[in-house]
Amino acid sequence: MVISQPKFNLKPFNTFRMDVLCNRWIEYTSPDDLPGVFCAISSEKFKHIGAGSNLLFVGDYDGVILHSRILDMTVSSDGKGWTLLRCGAGITMDELISQCASNGLWGLENLSGIPGEVGASAVQNIGAYGVEVADVIRKVECYDVISNRFMSFTADECHYGYRDSMFKQPEFVNRYVVTYVTFALTSKASPKLDYGNLREALSDKTSPSPLDVREAVMRVRECKLPSVDKVGSAGSYFKNPVVSEDVFRQVETIAKSEHGHDYRVPHYMVGNMVKIPAAWLIEQSGMKDFRLGNAATWHSQPLVIVNASGQASPNDILALEDLVRERVYDKFSVRLHTEVEHV
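So that you can map any letter, position 77 of the sequence shown is 71 in the numbering used here, and since no number is skipped, the others follow by simple counting.
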């Protein structure tokens, strides 16, 4: 079934709650709808979205916004100990994770609380607390808009990277519409607790279950991050920069000059490169809990920019984004890049 509406207000479909319009809204419930949908669109400009949880609409969208309502799921086994979940792209990711954790399936629990839908998670390669969704993706099924055919990709073929995938590359943007994602999960205990303070949050559990880990993740997130149901945001606004060891040493020198010789800059090695938490860079640049007009950085996690008043315009968010990047670069000579997509 296809639902089409002209001059559609996108405020309920972007977690920043930007009050913007699109020329036309099209929602579909089956992959079989897609050939007809794209025949009807013809040469019109279009954008496919999930829950709008990683987007900033910078103004009205002069084209068609597409949204999946493919909500079916099938469960099978690969015969090698893995449970395979083939999930429709329109399924809410956190609802899926809750269901998996409640049924004792490991693999997705560290991603609990991230807003968004299954299809978008596979495009964005969402991640949190030491886990990326690519770790458990077995297959991604798509509709190829150019060749008008259905096809699938293995996780390797998706070329996943940090908040990146093949689907985000310029030559493939708007070519593939994700219809289903198959996740490979296991009932064998495999908690990943070495990132952040998860282990501390589970100190009273000798053998935590997936549901225990999910609940711990949710508690940690609630202490640090705003709920998009209460405060408009798109989660982590900037990517954690990955820099050379020389650049890291420069950052370290600046930090030690302010905090003392024994001060340790938080960081993680990525091969021969160094990942520095963007939140730390922003806070050290004086931008934690900083308000500019109707936009602000979140008081307990400056990596998040929020619609502080509920009335922020796209320009309010963009102005604060620019100021944060400017302040961080002026202090550390490190450029921040947005994780949030501008549309």
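All C-beta atoms in this analysis are idealised placements derived from N, C-alpha and C, irrespective of residue type, glycine included.
From a predicted model like this one, the values you see are computed outputs, not experimental measurements.
- Taking one beta carbon from each stretch, the segment 9 to 27 and the segment 120 to 130 have fewer than 3 pairs nearer than 8 Å; the two do not touch.
- One alpha carbon belongs to S279, the other to H336, and they sit about 24 Å apart.
- In the DSSP annotation of this structure, the continuous segment of the beta strand (DSSP E) that includes I131 starts and ends at 131 to 138.
- Taking every protein chain shown into account, the CB of D324 has fewer than 16 other CB atoms within 10 angstroms, so this residue is exposed.
- With the rule of 3 Cβ pairs closer than 8 Å, the segment 158 to 177 counts as touching the segment 109 to 117.
- Burial check for E103: the Cβ neighbour count within 10 Å reaches 16 or more, so the residue is buried.
- Here Q118 has N48, R157 as same chain residues with Cβ atoms under 7 Å from its own Cβ, once five neighbours each way along the sequence are excluded.
- Closest in C-alpha terms to E38, from the list M267, W100, I59, D27, comes I59.
- Relative to A122, the option among M67, E320, S230, L275 whose CA is nearest is S230.
- When the beta-carbon positions are compared, A210 and A195 come within less than 7 Å of each other.
- Every unbroken stretch of the beta strand (DSSP E) spanning 3 or more residues and falling wholly within the segment 30 to 80 is given here in chain order: 40 to 43, 55 to 62, 67 to 71.
- Taking all protein chains in view, the Cβ of T148 is surrounded by fewer than 16 other Cβ atoms within 10 Å, so the residue is classified as exposed.
- Shown here for L314: same chain residues with a beta carbon closer than 8 Å to its own, the five before and five after excluded, namely F284, L286, G287, A289, A290, T291, I299 in chain order.
- DSSP, reduced to helix, strand and coil, places L15 within a strand of the structure shown.
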